[in-house]
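Residue numbers (the working numbering): 2 to 91.
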């Protein structure tokens, strides 16, 4: 059957993910909201801006781990996005 191959790939990806998580204890994937939420919130298409917002949230949460809640991150994302949009429209 086809079963064997995908198991190897899964295991490979798992190893990579574990390596990655060892080096970086906290990453964008650990934020309370992700790219989809950011896009919905700010009415964005997938774009570099989404990544910038997520990076901004990540930096904030690394300083203030207790802020890693959906409500807090949503309001931070919105503030950051509006500020960026202002600056870029001049």
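Don't be surprised by glycine CBs; every beta carbon is placed ideally from N, CA and C.
Considering only 31, 12, 91, the residue with the shortest C-alpha distance to residue 67 is 31. Residue 43 has its alpha-carbon roughly 14 Å from the corresponding atom of residue 71. The beta-carbon separation of residue 63 and residue 27, rounded to 6 Å, stays under the 8 Å limit for a contact.
For residue 81, the uninterrupted alpha helix (DSSP H) run begins and ends at 71-89, by DSSP. In the structure shown, the three-state DSSP call for residue 64 is helix.
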